Amino acid sequence: MVLDMAIQPEHELHTRRKGRNKAVGLILGGFVVIVFAVSIVKLSKPQNEDFRAPNFSPVVGASE
Amino acid sequence: MSDATFTETRQYEAQFSDYVELLKPRVMRLVVFTAAVGMFVAPVSVHPVVAFASILCIAIGAGASGALNMWWDRDIDAIMTRTQGRPIPSGRVQPGEALAIGLGLSGFSVMMLALFANPLAAAWLAFTIFFYVVIYSIGLKRLTPQNIVIGGAAGAFPPLLGWVVATGSMSVEPLLLVALILLWTPPHFWALALWRNDDYQAAGIPMLPVMRGERVTRRYIFGYTLLLIPVALAPSFTQIGGSLYLAVSVVLNAVLLLGAVKLLKRQEADRDADKFLAEKRFFGFTILYLFLHFVMLLVEATLRSFDLMVGTLPVWF
Chain A
73 MVLDMAIQPE HELHTRRKGR NKAVGLILGG FVVIVFAVSI VKLSKPQNED FRAPNFSPVV
133 GASE
Chain B
858 MSDATFTETR QYEAQFSDYV ELLKPRVMRL VVFTAAVGMF VAPVSVHPVV AFASILCIAI
918 GAGASGALNM WWDRDIDAIM TRTQGRPIPS GRVQPGEALA IGLGLSGFSV MMLALFANPL
978 AAAWLAFTIF FYVVIYSIGL KRLTPQNIVI GGAAGAFPPL LGWVVATGSM SVEPLLLVAL
1038 ILLWTPPHFW ALALWRNDDY QAAGIPMLPV MRGERVTRRY IFGYTLLLIP VALAPSFTQI
1098 GGSLYLAVSV VLNAVLLLGA VKLLKRQEAD RDADKFLAEK RFFGFTILYL FLHFVMLLVE
1158 ATLRSFDLMV GTLPVWF
């Protein structure tokens, strides 16, 4: 009986999981893009209460 | 042992599509649609990027509860022909994986919805997941023949979630949409259960036709249809409805009522003769019924945004 236990750089397991790993990579990339896009949208609205500085006070009479 | 024998004896490696299937993509589509309608008809506009991110969170939350449902129901899923091909009973995904994915995505979706939208929307999403998994799947599904009514409540929350994402508050309009889906679910699923009776019986799920018989189920379908009709018409008299919605809803409800009456009158000989054709048609129509109600709400919202309202109705609610 011959045991083929040599460590190969590209194991068969890697090939089998390639599709799965690519999909996970794409999802993570998409998640980063979404978080970035939502951050830009929220930060571009200075009146948004979520991102108002604790010491914020609106200037009386200031135009919108 | 050679490489060849090792390859033959190894277990199936789950593919990405198997994990996607675990999230019940068909249910997710319905959730996305109803949540989007709830958000779109709300009187507060949402930035498209925030709307997209929020609907994605709601869809992932729904998918996570689907994965947890599949994890819990893996024993009965293996018995019923309709569910035997699901990822866990077919051996493609391990139960532990489904549990981990379900719990992980539940927490993730709730947390991200709180950041993207508001804490109230996140709280409702958490409650929806809890309700579907713990109250319905683990608690009452196998205990009571009214399981569909309780399960329907979990499926009814998405329009409310969409509304709360937009407004940050509750109102009567989204609650009417919740009631619409809630009361629509029993006639829809009991019509299906009438011809899937053997499946549920084999799995020991106390569906109404299994526990109380076919005749009682037909009466319940008719009764819930009567309850559904006023609730489906009511949004016409809120700020999200209008005369177009009312006109379409009257026609849809008339057809639904005729279908329910037909089911009520049918005897065992009738359904044996046409192999549940009327029940299958009724089931198919209920899908169209719900879809068109939500489409009409979208139409009304679009017309309103362009000041093109056709006729005006009093706002009672």
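Residue numbers (our numbering), protein chains in the order written: chain A, 73 to 136; chain B, 858 to 1174. Ideal Cβ placement from N, Cα and C applies to all residues, glycine included. Computed from a predicted model, the values in this text were never measured in an experiment.
**Asked** If you count every other CB in all the chains shown that lies within 10 Å of the CB of HIS86 of chain A, and 16 or more means buried, which is it?
**Response** exposed
**Prompt:** Using the C-alpha atoms, what's the distance from LEU1109 of chain B back to TYR1146 of chain B?
**Reply:** 6 Å
**Request:** State the DSSP-derived secondary structure class of THR866 of chain B, mapped to helix, strand or coil.
**Result:** Since pLDDT at THR866 of chain B reaches only 44, below the 50 mark, its modelled position is unreliable, and no value is offered.
**Item:** LEU970 of chain B versus B:GLY918, B:LEU997 and B:LEU1000, residue with shortest Cα-Cα distance
**Value:** B:GLY918
**Message:** If distances are taken between C-alpha atoms only, which option among B:PRO1044, B:GLN1058, B:ALA1050 and B:LEU1051 comes closest to GLY1080 of chain B?
**Reply:** B:PRO1044
**Message:** On a Cα-Cα basis, can you pick out the residue from B:SER911, B:ALA1050, B:ARG883 and B:ILE912 that is closest to ALA924 of chain B?
**Reply:** B:ARG883
**Whole alpha helix (DSSP H) elements within the region 1118–1165 of chain B, 4-residue minimum** = 1125–1130 and 1134–1162
**Message:** For a cutoff of 8 Å on Cβ pairs, would you count GLU870 of chain B as touching chain A?
**Reply:** yes
**Request:** Whole angstroms is fine: what's the gap from VAL1172 of chain B's alpha carbon to SER1093 of chain B's?
**Result:** 8 Å
**Request:** Taking GLY1061 of chain B as part of the alpha helix (DSSP H), name the residues at either end of that continuous run.
**Result:** Here GLY1061 of chain B belongs to no alpha helix (DSSP H), and DSSP marks it neither H nor E.
**Prompt:** From VAL110 of chain A to ALA955 of chain B, what does the alpha carbon distance come to, in whole angstroms?
**Reply:** 29 Å
**Asked** Going straight from the alpha carbon of TYR1102 of chain B to that of GLY895 of chain B, what length do you get?
**Response** 15 Å
**Message:** Looking at chain A, is there any beta carbon in it that lies within less than 8 Å of the beta carbon of PHE873 of chain B?
**Reply:** yes
**Request:** Inspect the beta-carbon positions of ALA1158 of chain B and VAL906 of chain B and report whether they are closer than 8 Å.
**Result:** no
**Prompt:** In terms of residue numbering, what span does the alpha helix (DSSP H) encompassing ILE106 of chain A cover?
**Reply:** 84–115
**Prompt:** Using the rule of at least 16 other Cβ atoms within 10 Å of the residue's Cβ for burial, across every protein chain shown, is ASN93 of chain A buried or exposed?
**Reply:** exposed
**Message:** Just to make sure I have the definition right: I need the residues of chain B whose C-beta is within less than 7 Å of the C-beta of GLY91 of chain A. Which are they?
**Reply:** GLN872 and PHE873
**Message:** So with CB distances below 8 Å, who are the chain B contacts of VAL113 of chain A?
**Reply:** HIS904, VAL906 and VAL907
**Prompt:** Three-state secondary structure (DSSP) at PHE1014 of chain B?
**Reply:** coil
**Asked** For MET968 of chain B, does the three-state DSSP call read helix, strand or coil?
**Response** helix
**Contact list for VAL105 of chain A against chain B, beta-carbon separation under 8 Å** = Simply none; closest approach about 10 Å.
**Message:** Rounding to the nearest angstrom, what Cα-Cα distance links MET1068 of chain B and PRO1002 of chain B in this structure?
**Reply:** 7 Å
**Prompt:** Is any beta-carbon of chain A found at less than 8 Å from that of PHE973 of chain B?
**Reply:** yes
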